[in-house]
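Below is one structure; the comments refer to it alone.
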Amino acid sequence: QIRLGTPNAWKLWVNGALAFEREEYHRSTQLDQYSVTVQLKPGVNVLAFKICQNEQTQDWAQKYQFQLRVCDATGVGVLPGPVVVRNGVSQKTALNKGGAE
1 QIRLGTPNAW KLWVNGALAF EREEYHRSTQ LDQYSVTVQL KPGVNVLAFK
51 ICQNEQTQDW AQKYQFQLRV CDATGVGVLP GPVVVRNGVS QKTALNKGGA
101 E
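Just so you know, our numbering puts 83 at position 83 of the sequence shown, and the rest follows in order with no gaps.
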């Protein structure tokens, strides 16, 4: 499963295929707000996640935030090997710094 929370509209692709999308804006957010069941293949899997806002221009409407985790059906985290975040820092290093940016 991919579990995530965001107040923004979002799309999630797994290995190039759109897995789920939600076009709602300015909602509250919480841990595991959304849960998407996906099938990961052995070896390397590519996850792409996009969040966006609508055309509102107020300061409060310009905030972007999200949290995302890969886990099994019971919510236990699944990290079988090295994970790289977009800026090229390994997940282990990012977690030691307090989270990926």
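Think of the CB as a built atom: it goes at the ideal place given N, C-alpha and C, for glycine as much as any other residue.
Please read all numbers here as calculations on a predicted model, not as lab measurements.
{"Check": "Assigned secondary structure, glutamine 62 (DSSP; H/G/I helix, E/B strand, else coil)", "Outcome": "helix"}
{"Check": "Assigned secondary structure, leucine 68 (DSSP; H/G/I helix, E/B strand, else coil)", "Outcome": "strand"}
{"Check": "Under 7 Å between C-beta atoms of leucine 68 and valine 14", "Outcome": "no"}
{"Check": "Backbone CA spacing between aspartate 59 and alanine 9 [nearest angstrom]", "Outcome": "17 Å"}
{"Check": "Test item: CB-CB of isoleucine 51 and tyrosine 64 under 7 Å", "Outcome": "yes"}
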